[in-house]
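Contents: one structure, followed by commentary.
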Amino acid sequence: MKLSRAKSLLESAAYVAKKRGFLAVPPSAGISMADTLSDLVPPLGRARARAVIARLKQADTDSDLDASIRRAYTFKSFGVEFKPVQLWSEITALLHAVAELRPSAVMEIGRGGGGTLFLFAAASDPRATLLSVDLEAPRDWKVPIYQSFAQPSQRIELLEADSHDPITRNRVLDLLEGRRLDFLFIDGDHSYAGVKKDFEMYAPLVKGGGMVAFHDIVHHPTYPRCEVEKFWNEVKQGHRHAELVEDWAQGWFGIGVLYL
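So this is what it looks like as C-alpha cells:
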C-alpha cells in the first residue's frame, strides 16, 4: 500500500472513530488499521478491549474444555482473534493431559497471539497462576484481553522478557512465591541452543510428577533453523515421554511431552 493511501485510510478511520466511536470504523479500514488506531488513541484501544472482553464473556457459557478449544479457534470480535498456531489434534491431546494434571502453576515460553495462554488457563486449576513469557510486549490495549482469559480465581502474569536472561528466571521465582511449576510449555527460541537453554533454566523449576512440553518437534524441511527436533531426540532419552504428532510427514508442528 502506498504511503499516501495508508495515510488517507488512517485519517478517514480516525475521523469516523472521533465522530461516531471506534466500533463504527468500517472493516474496509483493515484490521491493521484498527490496531494502529488502538495503539495511537488509548481511549479507543481501551474501548475496543472492553468490547472484545464483553463478547468473549458472552461466548464463555460452557466450561467444557473442548468448547474452550473450539472457541480459541473460532473467536473473532472487532478484528481481534487468538487462534492458536497449533494443529487441533495435537494441542487437544496436550490440553486433556494438562487438565488431568490440574496444574496450579503454569509457565509458557512464547506467547504468540495468546491462543495457548487462553487454552492453558481453561485446562488449569481454577486457582492457578499462569506465567507467560515473550520477548515482545503485548500492545497496551491487548493486556486486559489476555488478563480476561483467567478464570475468576486465577492469576495471569505477562512478562516481556528474554527467557534466557537470569533476571527473568529470578522474576519467575518471585512470582511463584516458593511454589514449583506443574507444567512448562516451551515454544520460544527454536534454535538448538535456545530450546536447550530454556529447558536447562526452567525444567528444574518443575516439580516431580509435572510435565514439560515442547512445540515443533517434527522435522521442518522448509525451515532449517528450527532445531527443536534435534534437542527433543536427545532429551527424551531416559524420560517417560509422549509424542503428540498427527502425521510425522507433515513437515511442521508436533508436540513432545516429558513426564518428570
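Numbering (this note's numbering), first residue to last: 1 to 260.
Glycine is no exception: its CB is placed at the ideal position from the N, C-alpha and C atoms.
**OP:** Might you give, ordered along the chain, the residues of its own chain that have their beta carbon closer than 6 Å to the beta carbon of K207, omitting 5 neighbours on each side?
**Re:** R180
**OP:** Could you spell out the range, first to last residue, of the beta strand (DSSP E) harbouring D216?
**Re:** Premise fails: D216 is in no beta strand (DSSP E) and is neither H nor E.
**OP:** State the beta-bridge partners of I109 as determined by DSSP.
**Re:** V133 and I186
Original post:
Helix, strand or coil: how does DSSP classify K236 here?
Top reply: coil
Original post:
What residue range is occupied by the uninterrupted alpha helix (DSSP H) comprising Y192?
Top reply: Y192 to Y202
**OP:** Label L173 either buried or exposed according to how many other C-beta atoms from any shown protein chain fall within 10 Å of its C-beta, with 16 as the threshold for buried.
**Re:** exposed
Original post:
Would you say the beta carbon of L65 comes nearer than 7 Å to a heavy atom of the ligand FMN?
Top reply: No copy of the ligand FMN occurs in the structure displayed, which carries no ligand at all.
Subject >> DSSP three-state assignment for R155, whether helix, strand or coil >> reply: strand
**OP:** Rounded to whole angstroms, what's the CA-CA distance from G45 to D60? Just pull it up for me.
**Re:** 22 Å
Original post:
Between the C-alpha atoms of P166 and R102, what's the straight-line distance to the nearest angstrom?
Top reply: 28 Å
Subject >> Contacts around L158, its chain only, beta-carbon distance under 7 Å, and the 5 residues preceding and following it disregarded >> reply: S132, P138, V143 and Y146
Original post:
Just how far apart, CA to CA, sit S77 and I91?
Top reply: 23 Å
**OP:** Quick one: measure Cβ to Cβ for A161 and T129, integer angstroms, because I've assumed they're closer than 8 Å.
**Re:** That pair is no contact at about 16 Å.
Original post:
Are the stretch 55-74 and the stretch 217-233 touching, with three or more C-beta to C-beta distances below 8 Å?
Top reply: no
Subject >> Which residues DSSP lists as bridging Y259, in chain order >> reply: M211 and R240
Original post:
Between the C-alpha atoms of L244 and S153, what's the straight-line distance to the nearest angstrom?
Top reply: 30 Å
Original post:
So who's on the other strand from L77, going by DSSP bridges?
Top reply: The displayed chain sequence assigns Ser, not Leu, to residue 77. DSSP, once it has assigned bridges, lists V80 as partnering S77.
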